[in-house]
Amino acid sequence: MEFSKKMNKSGGLTLPAAMRRELGLQGGERFGINVNNDGSITLKRVQGNCVFCRADRDLIVYQGRFICSTCADNITSATRRG
Numbered sequence: 001m002e003f004s005k006k007m008n009k010s011g012g013l014t015l016p017a018a019m020r021r022e023l024g025l026q027g028g029e030r031f032g033i034n035v036n037n038d039g040s041i042t043l044k045r046v047q048g049n050c051v052f053c054r055a056d057r058d059l060i061v062y063q064g065r066f067i068c069s070t071c072a073d074n075i076t077s078a079t080r081r082g
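All residue numbers for the sequence shown refer to the working numbering, where the first residue is 1 and numbers rise by one.
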């Protein structure tokens, strides 16, 4: 997925809606910003919520979505039961 965006006068960028939907991004999420040696800029989620229970701790990323370890364990148990 690749997009081209123009920075506004105040230095802001808006992530395209298709990208936000694909990655499950929601307003208010926090990102780390890093400038790499080659001049590229990397955004990395530093905070989020579980898509199932909205927990904000013990998160893992699965297919671009945050899932807490409790929900991940519940899914694993339910899958084993059949």
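All C-beta atoms, glycine included, are put in the ideal place defined by N, C-alpha and C.
In this structure, the beta-carbon distance from L13 to M7 falls below 9 Å. Only exposed fits F31, as fewer than 16 other CB atoms lie within 10 angstroms of its CB. If you draw a straight line from the Cα of P16 to the Cα of R54, it is about 23 Å long.
The Cβ neighbour count for G28, taken over all protein chains shown within 10 Å, is under 16; the residue is labelled exposed. In this chain, the alpha helix (DSSP H) harbouring N74 covers S69 to R81.
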